[in-house]
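Encoded as structure tokens, the structure appears first; notes follow it.
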Amino acid sequence: METEFIAISKTENMKYFFFIPLLILCFINSVQAHEEPPKTKKEKADAQAKQEKMIRNGISRVTIWKHNVENGVVSDVKQKYAELNYNENGLNTSILVYSNDSLKNKIVNVYDFDGNRILDFDYEEGKPAGNAIFQYSKEGLIQDIINIDSAGNVVSEDKYFCNPKELAITLSSFCAPNKLNYSYTYIYDTGVFSGNCIEIIHRDSAENQVMRVVNVYDKNNIRQEKMIFNADNKQEYKFTYTYTASGDFSVITKIGADEKTIETNTYSYDNKGNLISVVSKDKNGIVTDVLTYTYE
Numbered sequence: 019m020e021t022e023f024i025a026i027s028k029t030e031n032m033k034y035f036f037f038i039p040l041l042i043l044c045f046i047n048s049v050q051a052h053e054e055p056p057k058t059k060k061e062k063a064d065a066q067a068k069q070e071k072m073i074r075n076g077i078s079r080v081t082i083w084k085h086n087v088e089n090g091v092v093s094d095v096k097q098k099y100a101e102l103n104y105n106e107n108g109l110n111t112s113i114l115v116y117s118n119d120s121l122k123n124k125i126v127n128v129y130d131f132d133g134n135r136i137l138d139f140d141y142e143e144g145k146p147a148g149n150a151i152f153q154y155s156k157e158g159l160i161q162d163i164i165n166i167d168s169a170g171n172v173v174s175e176d177k178y179f180c181n182p183k184e185l186a187i188t189l190s191s192f193c194a195p196n197k198l199n200y201s202y203t204y205i206y207d208t209g210v211f212s213g214n215c216i217e218i219i220h221r222d223s224a225e226n227q228v229m230r231v232v233n234v235y236d237k238n239n240i241r242q243e244k245m246i247f248n249a250d251n252k253q254e255y256k257f258t259y260t261y262t263a264s265g266d267f268s269v270i271t272k273i274g275a276d277e278k279t280i281e282t283n284t285y286s287y288d289n290k291g292n293l294i295s296v297v298s299k300d301k302n303g304i305v306t307d308v309l310t311y312t313y314e
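When you read off a place in the sequence shown, starting at 1, and then add 18, the result is the number in the working numbering.
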């Protein structure tokens, strides 16, 4: 399944990622993979729109099930994979990740009166694994994330620097005062607060490129492609997108540098627009993964 390339406050090595606003949860390999808070007005508006959808559809809980697939055949056997809980304001209050139907990891989120996430607490195998403190501008845009380990020690701090003239926002993660760990630079087309993010550059502590992402939008500001480049700035693969009439993902296709299909992911929805399944197929069209979603 496709992974979003975003700034991650607590881990860089993340193959899959919570699409919490879209209710798409894909095989997370760490409970410390968090959704990035909005850093632009456009992102904040998108988050609020998804919040309103949760309220409108009366959703307080989403349960995600992973189905057994053998040789392309989907069986009736399934396991609880995750549970996402929401409050009356449509905000995600907790995420529970399961393994073999047993609770493995948990994230608990705390919000202020304006709906900004100000704290989260991580638990691994039932034990505290650390927490994060989030600080915002007066517009409710993320400015600073302080990451704390289970012993109460600050292990890193992520700072957001806005450069309107360069149409860029840079997240710099420091593992000690003035000691850079890594950075992400987000570049926008028409402005840092309301434009489309057209490029993301991930750099290491020596400021060498680790990865680069280029997003391509159509005239209606709908993303059509996302190209992934490696440390040598060579394209490794890309994602192409098709959408439903309501603007939700329909099919996401992963394509190699040789323009051959690697994987496709097909998204299905109910009549309220809630995601009900994601089916992944390999280059030969054989089903490899199936997730289904139930709502309360």
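C-beta atoms are modelled at their ideal positions from N, C-alpha and C, and glycine is treated no differently.
Using a Cβ-Cβ cut-off of 6 Å (strictly less than) and excluding sequence neighbours within five positions of residue 119, which residues of its own chain qualify? Around residue 119: 97 and 98.
Measuring straight from C-alpha to C-alpha, what distance separates residue 94 and residue 85? 7 Å
On the DSSP bridge assignment, give the partners of residue 243 in chain order. 234 and 258
With distances taken Cα to Cα, identify the nearest neighbour of residue 297 among 278, 273 and 268. 268
Pair every Cβ in the region 235-252 with every Cβ in the region 177-192, then say whether three or more of these pairs are closer than 8 Å. no
With a Cβ-Cβ cutoff of 9 Å, do residue 56 and residue 65 count as a contact? yes
Let me know the secondary structure DSSP gives residue 57 once reduced to three states. coil
Determine the DSSP secondary structure at residue 150, reduced to helix, strand or coil. strand
Return the residue from the list 218, 186, 213 and 167 that minimises the CA-CA distance to residue 193. Shortest Cα-Cα distance from residue 193 to any of 218, 186, 213 and 167 involves 167.
Can you list the beta strand (DSSP E) stretches of 3 or more residues lying completely in the region 52-117, in chain order? 79-88, 91-104 and 110-117
Give the straight-line distance between the Cα atoms of residue 191 and residue 219, rounded to the nearest whole angstrom. Roughly 14 Å between the two C-alpha positions.
How would you write the range of the beta strand (DSSP E) that residue 295 sits in, first residue to last? 293-300 is the span of the beta strand (DSSP E), which, as asked, contains residue 295.
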